[in-house]
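In the numbering used here, the protein residues as written are 2 to 106.
Below, the structure is given as C-alpha cells:
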C-alpha cells in the first residue's frame, strides 16, 4: 500500500514539473491531469474515505497527496488492471493461429 501512495506522490511531483513547463510556454493554459491507478483502496485513502491505524507511516505522504490534489484540481481515478495502458505494455502477448492476440497475464 505504501508503494502505491508513494508512487502517486512521485506522480504528483512530476505533474507539478510538467505544469510549470506548460505554464512557461502557455501562461493562460489551464491543466487538469488525471492519475490512474488499479488499486481502489489508494483512491479511497486519498479521498479520505478509508483510513485505518495500519497506515500510520503513510500519513505524511497521504496528506501531501491530498493537499496537492485539492490545490491543483487534479484527480486520482481508479481503472481496472485490464484497462491499464501501462499494464498492457508490461505483459507479453501471444498470437493464436487466426492472428488474434491473447494477453498472457
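Just so it is clear, CB atoms sit at the ideal spot from N, CA and C, and this is done for glycine as well.
Alpha carbon to alpha carbon, how far is residue 33 from residue 26? Give it in angstroms, no decimals.
Within the chain shown, the letter at position 25 stands for residue 26. Within the chain shown, the letter at position 32 stands for residue 33. So the two alpha carbons sit approximately 16 angstroms from each other.
Would you tell me roughly how many angstroms separate the C-alpha atoms of residue 83 and residue 70, rounded to the nearest one?
Mapped onto the chain shown, residue 83 falls at position 82. Mapped onto the chain shown, residue 70 falls at position 69. Spanning the two alpha carbons is a distance of roughly 26 angstroms.
Tell me which residue opens and which closes the beta strand (DSSP E) that residue 34 is part of.
Against the chain shown, residue 34 aligns to sequence position 33. Counted as a single uninterrupted DSSP element, the stretch harbouring residue 34 is not any beta strand (DSSP E), since DSSP gives it neither H nor E.
Taking only three categories from DSSP, how would you classify residue 13?
For the purposes of this step, residue 13 is taken as the residue at position 12 of the chain shown. Three-state result, residue 13: helix.
Following the continuous alpha helix (DSSP H) through residue 45, name the residue where it begins and the one where it ends.
Position 44 of the chain shown holds residue 45. Counting along the chain, the alpha helix (DSSP H) containing residue 45 begins and ends at 41-48.
Distance between residue 24 and residue 81 (C-alpha atoms, nearest Å):
Position 80 of the chain shown, counted from the first residue, corresponds to residue 81. Position 23 of the chain shown, counted from the first residue, corresponds to residue 24. The straight-line gap from Cα to Cα measures roughly 32 angstroms.
Any idea which residues DSSP pairs residue 66 with across the strands?
As a position in the chain shown, residue 66 is number 65, starting the count at 1. In the DSSP output, where bridge partners are listed per residue, residue 66 has none listed.
How many angstroms separate the CA atom of residue 9 from the CA atom of residue 66?
By one-based count along the chain shown, residue 9 stands at place 8. By one-based count along the chain shown, residue 66 stands at place 65. Between the alpha carbons of residue 9 and residue 66 lies a gap of roughly 7 angstroms.
With DSSP as the reference, label residue 24 as helix, strand or coil.
The residue labelled residue 24 in the question sits at position 23 within the chain shown. Helix, per DSSP.
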